[in-house]
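**Q** This is the structure, below, for whatever I ask next.
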Ligand code: NAP
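Numbering (the numbering used here), first residue to last: 21 to 264.
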């Protein structure tokens, strides 16, 4: 049921980090993958490694016109966009009185507006196809507050809400929309955080590959009746308060 059978998945921020793990997993499950990133060299190298079922497109998710080009390139190459993974993201931190407007705007532009642009760009194609799966990558910070991460937290709550409103609006067109909420995952985004300070019931930080099964599930027919749902993948971190 998890076999993607040639389904076309566009993954933003797919050149490295968790996005790269999504790309590899979707490809391994039989999907055709569109790696959309601002990291040209890494993105092209990954597409070349994966071969003919992979395509790199240069995409800054904050640029509306680039979105149209990315969707067109996917349709030209593979004839469809069946799955959109809105994964591209950045993080910045500051106490509220030192949080500059530039920092706020930057994180909202990539994490929230970029996700909105992506959803808006693929929906006409998905409506024409009569099916589609949109996966918004939020965070556990889309479910709780986090001191110093105000713009990031606001954006991640935002993409969670956008997934819910789109699930309601697009269900009648056969388009499913869900959000995924990773916990602490070892990538370049988290190198400055020591996971030893976090209470993770499963006893270790996550690796990008720990998210892969959830994404393949949401991309495939195994999740055919799943829409408007929120998937926390955090080793149990936000399930409750550990007592010691
Ligand atoms: P990462 O290693 O920094 O990878 C993010 C990717 O997105 C990079 O390839 C990055 O390129 C790309 N990107 C940044 N801005 C972009 C833009 N404007 N347009 C297109 N691509 C852009 O981060 P990650 O840890 O894999 O995070 C992936 C997603 O998971 C993010 O949405 C993040 O918020 C979310 N997440 C991560 C964690 C975690 O613990 N790591 C936890 C919860 C949620 P550059 O390298 O050039 O910036």
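The beta-carbon is built from N, C-alpha and C at its ideal position, and this holds for glycine as well.
Once you ignore the five residues that flank residue 165 on each side, which residues in its own chain have a CB closer than 8 Å to its CB?
**A** Contacts found: 173.
**Q** Which residue's Cα is closest to the Cα of residue 84: 25, 127, 138, 22?
**A** When only C-alpha atoms are compared, the closest one is 138.
**Q** Going by the C-beta, is residue 204 closer than 7 Å to any heavy atom of the ligand NAP?
**A** It does: the Cβ of residue 204 is within 7 Å (strictly closer) of some heavy atom of the ligand NAP.
**Q** Rounded to whole angstroms, what is the Cα-Cα separation between residue 257 and residue 203?
**A** Each residue's Cα considered, the two are about 7 Å apart.
**Q** In this structure, does DSSP put residue 227 in helix, strand or coil?
**A** Coil.
**Q** Among residues of its own chain, excluding the 5 on either side of residue 45, which ones have a beta-carbon nearer than 7 Å to its beta-carbon?
**A** Excluding sequence neighbours, residue 45 sits near 232, 235, 236.
**Q** Can you check which of these residues, 73, 92, 199, 63, is closest to residue 50 by C-alpha distance?
**A** Nearest C-alpha to residue 50: 73.
**Q** Which of the three DSSP states is assigned to residue 88 in this structure?
**A** Helix at residue 88.
**Q** Please state whether the Cβ-Cβ distance between residue 247 and residue 200 is less than 8 Å.
**A** No, Cβ-Cβ distance for residue 247 and residue 200 is not below 8 Å.
**Q** Nearest CA to the CA of residue 27: which residue from 104, 63, 60?
**A** Of the candidates 104, 63, 60, the one whose C-alpha sits nearest the C-alpha of residue 27 is 104.
**Q** Is it right to say residue 188 is buried, meaning 16 or more other beta carbons lie within 10 angstroms of its own, or is it exposed?
**A** By the 10 Å Cβ count, residue 188 comes out exposed.
**Q** Where does residue 136 fall in DSSP's three states?
**A** In this structure, residue 136 counts as helix in the three-state DSSP scheme.
**Q** Taking residue 38 as part of the beta strand (DSSP E), name the residues at either end of that continuous run.
**A** Taken as a continuous stretch (DSSP letters only), residue 38 belongs to no beta strand (DSSP E), being part of the alpha helix (DSSP H) at 37-48.
**Q** Which of the three DSSP states is assigned to residue 152 in this structure?
**A** Correct three-state label for residue 152: strand.
**Q** In terms of DSSP beta bridges, what is residue 200 paired with?
**A** DSSP, once it has assigned bridges, lists 157, 251 as partnering residue 200.
**Q** Apart from the five residues on each side of it in sequence, which residues of its chain come closer than 8 Å, Cβ to Cβ, to residue 47?
**A** Here the set comprises 53, 70, 73, 74.
**Q** DSSP three-state label for residue 211, please.
**A** Coil.
**Q** Helix, strand or coil for residue 30, going by three-state DSSP, please let me know.
**A** Here residue 30 sits in strand by DSSP.
**Q** With 16 as the cutoff for other CB atoms within 10 Å, does residue 245 come out buried or exposed?
**A** By the 10 Å Cβ count, residue 245 comes out exposed.
**Q** Ends of the beta strand (DSSP E) at residue 76?
**A** Taken as a continuous stretch (DSSP letters only), the beta strand (DSSP E) holding residue 76 covers 74-78.
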